[in-house]
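So the structure is just underneath, and the comments pick up after that.
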Amino acid sequence: MSLYRPGRRHRRGCCCCRLCIWTTIAVFILLLLVAAAAALFYVVYRPHRPSFSVTSFRLGYLSIAPSGVKSKFSLTVTTWNPNKKLVYVYSPIDVTVLASDITIGKGDIPAFIHGKRNSTVLKSSATNSSQPLGSETLTKLKAAIKAKTGVSLKLRLDSKAKVKAGSFKTPMIGVRVICDGIRAVIPASGKARPVVSIADAICEVKKMIKIWKRTFLF
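Residue numbers (UniProt numbering): 1 to 218.
Right, dumping it as structure tokens:
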């Protein structure tokens, strides 16, 4: 006749409980070390985000038809690194021009290194010859362009950047710059060239993380 011994299950439960406790403690200590390192980095380097501004924006032509959008833009963006001890290293930048959140131009800016307390001028040309437009998208774009106050344009810059401080380097993180407040008045065919105003253009810099097909900005 076999004897029932419940004590073994109890011991296994104790082992699992101890493992969970030690794992929790290890994670907590790791988080404390990361927080301490981040605090020390901030105290020593006083990091500030770079600023971006649109200094020139020209529209060569913009044609919208059911067959697609044909356009040509030339633009200049100036970026300022206010940090005394930090250098930014940028990957190539994807340039996108949007009207009513619809892409009407794409271009790029080569990779560059942004030195300490430095102002860097970035130039790009954006063109577009897209796939056929749906009727709803076509109507939306035409209505925006015909507005008396002009069409509101948005400039989007997507890249990855890392920070260098002496021999220390951070991993690459996503960066998105969104510039709003650009307006373009497009005369009827055969009249004067388009006029673009950047007087109210404001650029905002955000960190970008992509998880699957979703983009998170903060």
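All C-beta atoms in this analysis are idealised placements derived from N, C-alpha and C, irrespective of residue type, glycine included. Everything numeric in this text was worked out from a predicted model, so none of it was measured.
Endpoints, the beta strand (DSSP E) within which residue i is located
i	result
I104	102-109
R58	51-65
residue 219	Since the first residue shown for the chain is 1 and the last is 218, residue 219 is missing from the structure and cannot be characterised.
K123	118-129
H114	112-114
Whether residue i touches residue j by CB criterion (9 Å)
i	j	result
K123	L62	no
S119	N81	yes
S130	V69	yes
F73	A201	no
G150	I178	no
K164	Y90	no
R183	K206	no
V97	K84	no
I104	I93	no
I209	T55	no
Contact belief for residue i with residue j at Cβ below 8 Å, rounded distance in angstroms
i	j	result
K154	K162	About 26 Å separates the two Cβ atoms, so there is no contact after all.
S125	T79	Actually they are not in contact, since the Cβ atoms of S125 and T79 sit about 18 Å apart, beyond 8 Å.
Identity of the residues DSSP links to residue i by a beta bridge
i	result
E204	I178
K84	Answer by DSSP bridge pairing: none, since K84 is not bridged.
R183	S152, S197
T79	F52, T120
F73	L59, A126
What ranges does the beta strand (DSSP E) occupy inside the region 139-179, keeping only unbroken runs of at least 3 residues that lie completely in it? 151-165
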